[in-house]
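See below for the structure under consideration.
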Amino acid sequence: MSSSVSFEVSPPPSGLEAEYKTLFTNDALLFLYELISTFDEEVDQVLRLRVSRKAQLDLSGELPSFPESTTHIRRDPNWRVLPVPLRLQRRHVDIGDMTPCDTQRFIKALQSPAQGIQVDFDDGNCPTYYNQIKGIHNIVKVVHNQFPNVPPISRAPVLMLRPRAWNMVEHNMMVDGKEVPGPLFDFGLLMFHCGKTLLENKSGPFFYLSKVESFMEARLWNKIFVWTQQKLDLPLGSIKATVLIENVLATFEMEEILYELRDHSAGLNCGIWDYSASFVNKFGHRPAFLLPDRSKYVNMEKRFLRSYMDLLVQTCHRRGALATGGMAALLLPQDPLSDSYRRVLATVTRLKLLEIKAGVDGFMVYDLSLIEPMQKLFKLHTEGDNQLQQLRIDVTVTPDDLLSMPSGGVTLYGLKYNIAVGVLFINAWLSGKGHFFYRGQVEDSATAEISRSQVWQWIRHQARLEDDSRVVSRRLVTDLIKEVMMELSAHCHSVKAEHRLHTAADMFLEVVLKRDFPEFITTYLNLDHTFLSSQNEGQVEATAKDVHRSKL
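Residue numbering for the sequence shown follows UniProt numbering, beginning at 1 and increasing consecutively.
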């Protein structure tokens, strides 16, 4: 490799010098450099394709449909994805939003009876340099059995590693003068340090792929998998990945996404909030796509979401792929004898039973106390390791089904709830955390996405409140933010915390008043000076003084 090729990586976050040294060996840096320089241009291309597709939909006013150019793939009854390894065949209950930098919770998850863990660098994680290095290093320790009192990797819940999505960049590494794609940074380090050991223990490497919008993006991931396996001397098909269908456009290409990843597929996953938010992202300026109050009118029983889940299960099972449901975000109260405990458990049970009856092979919970009750639910209502035999031939889903907005309006409660979730999410990110608890459930970037999307859209369409016919306007939202802030400020225990919360409120207002809808709140924050400078002032100074350069 030519000596003129440059590679820059920031110095270690304070307190993680040893972890940094373990991860960034010369061989690991060389592997990362080769991975990123090989695929960087193609990552840019798929992101440009997204912009082009959105512009095409906006200019034409058309709606998405099942692509004609790939009819032959959908009509061919013979192809299947490769069967998954034994450890993926029975994954009824995974733990979701498990940020690996939270060592204590990670260890508890590994000691739990869950069948899998969604090890998360995406929705539930705040991608500070500290969190990425700590999280990846913790995974390396788990895979190499370096945590005491944790089962060996071959017997612990299977790790489903979720790198960041395509829209996220890693600011602390530059290749050929460009900041690197976040997912390649995460995937590259995880594969280099853990791929072979996971394979030897028949426990991976397994991934979740977030925010995939088209089969072209699945094709790129497949090329990355093939290249990585060759580079690390792993058999073709060793890597398995579940694609999260979190975007309305991807719903029309689910068969094609499975087809592109057929040697590496661990199936598809459906969730509610990122998916619902994608309607605002793609069609939010169109009055026909005004999404009503999520707290009152949006749930998996609504036609557009029910159709999406039914089609996902049918598509997966027809092709021999596993279909998984979303994450139960509710938290069980501490007293198992209380009425509130029984109420929460009954709600989660009812919603998850809908998914089981739809034919899903597994789903996620956040609260570790929900693992066993949900495993019992599977045992009670299904037979065997999974529901692959449920082919759902009863299902016929049309574009109309997938694009039908539920009826309903906007409530004052829903507007204030969305404001609170949006403000608190930004506040969490400014504190270096990717999720938080509010009113008895966990909130992460998915719920923050739908919350700020709804507020933006209601302002744009001047929606009226059901309660008193007031118009949702800049003035009303500004006044309600002040009201919500009174409630939230009461929980601030320092002047610094209160100042941070007010900064978060200002940033939330900026986001919901933008003329053009910011595509992802995470991208918006990750590129924002306030967030970047909040990470660690000392670290920023150190980086400015001493950027570690490696000439490869």
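From the three backbone atoms N, C-alpha and C, an ideal C-beta is built for every residue, glycine too.
Given the structure is predicted, the values throughout are model-derived calculations rather than measurements.
query = From residue 521 to residue 274, what does the alpha carbon distance come to, in whole angstroms?
reply = 11 Å
### Message
In this structure, how does DSSP classify residue 54 when only helix, strand and coil are distinguished?
### Response
helix
Three-state secondary structure assigned by DSSP to residue 180: strand
Problem - Proximity of residue 419 and residue 277 at Cβ, strictly below 7 Å - result: no
Practice item. Measure the C-alpha to C-alpha separation of residue 388 and residue 131 and round it to an integer number of angstroms. Key: 37 Å
Whether or not the region 300-314 and the region 336-349 are in contact is what I'm after, with contact meaning three or more pairs of Cβ atoms, one per stretch, closer than 8 Å; do they touch? no
Q.
Taking the straight line between their C-alpha atoms, what separation do you get for residue 330 and residue 421?
A. 15 Å
task = Decide yes or no for the touch test of the region 434-444 against the region 319-335: beta carbon pairs closer than 8 Å, at least 3 of them.
result = yes
Should residue 202 be labelled buried (16 or more other beta-carbon atoms within 10 Å of its own) or exposed? exposed
Requested in this report: Could you round the C-beta distance between residue 167 and residue 213 to whole angstroms and report it? I think they count as a contact, below 8 Å.
Outcome: Rounded, the Cβ-Cβ distance is 10 Å, inconsistent with contact.
Q | Beta-ladder partner(s) of residue 438, from DSSP | A | 441
Notebook entry, point to check: Going by the CB atoms, is the gap between residue 94 and residue 124 shorter than 7 Å?
Noted result: no
Can you name, in chain order, every residue of its own chain whose Cβ lies under 7 Å from the Cβ of residue 164, other than the five neighbours on each side? 121, 122, 127, 182, 183, 186
Practice problem: Reducing DSSP to helix, strand and coil, say where residue 295 ends up. | Solution: helix
| query | Whose C-alpha, out of 189, 190, 191, 251, is nearest the C-alpha of residue 215? | reply | 251
Contact with chain D by residue 390, beta-carbon distance below 7 Å
Absent from the structure is chain D; it holds one protein chain and no more.
| said: On the criterion of 16 or more Cβ atoms from any shown chain inside 10 Å, does residue 10 qualify as buried, or is it exposed? | reply: buried
Checklist entry - Short check: CB of residue 88 to CB of residue 321, under 7 Å? => result no
Residue 288 to residue 405 span [Cα, whole Å]: 8 Å
Taking 8 Å as the limit between beta carbons, can you name the residues of its chain near residue 222, skipping five residues before and five after? 260, 261, 263, 264
**Q.** Selection from 281, 319, 457 that minimises the alpha carbon distance to residue 256
**A.** 319
Just verifying my parser: in three-state terms, what is the DSSP assignment at residue 240?
strand
(request) Return the CA-CA distance between residue 459 and residue 38, expressed in angstroms with no decimal places. (result) 43 Å
Residue 411 versus residue 352 - alpha carbon distance
26 Å
- prompt: Okay, do the region 65-72 and the region 294-309 touch, 3+ Cβ pairs below 8 Å being the bar?
  reply: no
* To do: Count the other C-beta atoms from every protein chain shown that fall within 10 angstroms of the C-beta of residue 254, then say buried if there are 16 or more, exposed otherwise.
  => buried
Assuming contact is defined by CB atoms lying nearer than 7 Å, are residue 189 and residue 370 in contact in what I supplied?
no
Going by CA-CA distance only, name the one from 17, 384, 425, 305 that's closest to residue 500. 425
Mind reading off the beta-carbon distance from residue 154 to residue 199? Whole number of angstroms is fine, and I expect it under 8 Å. Residue 154 to residue 199, Cβ: 11 Å. No contact.
- Task: For residue 429, count neighbouring C-beta atoms within 10 Å of its own C-beta (all shown protein chains included) and say buried if the count is 16 or more, exposed if not.
- Result: buried
* Using the rule of at least 16 other Cβ atoms within 10 Å of the residue's Cβ for burial, across every protein chain shown, is residue 205 buried or exposed? -> buried
For residue 533, which residues in the same chain have their Cβ closer than 6 Å to its Cβ, ignoring the five residues on either side in sequence?
none
Out of 492, 335, 226, 286, point me to the one whose CA is closest to residue 60's CA. 286
Could you tell me which residues DSSP pairs with residue 245 in its beta bridges?
270
Determine whether the beta carbon atoms of residue 374 and residue 360 lie at a separation below 7 Å.
no
Just curious, the beta strand (DSSP E) that residue 118 is in, first and last residue?
-> 116-120
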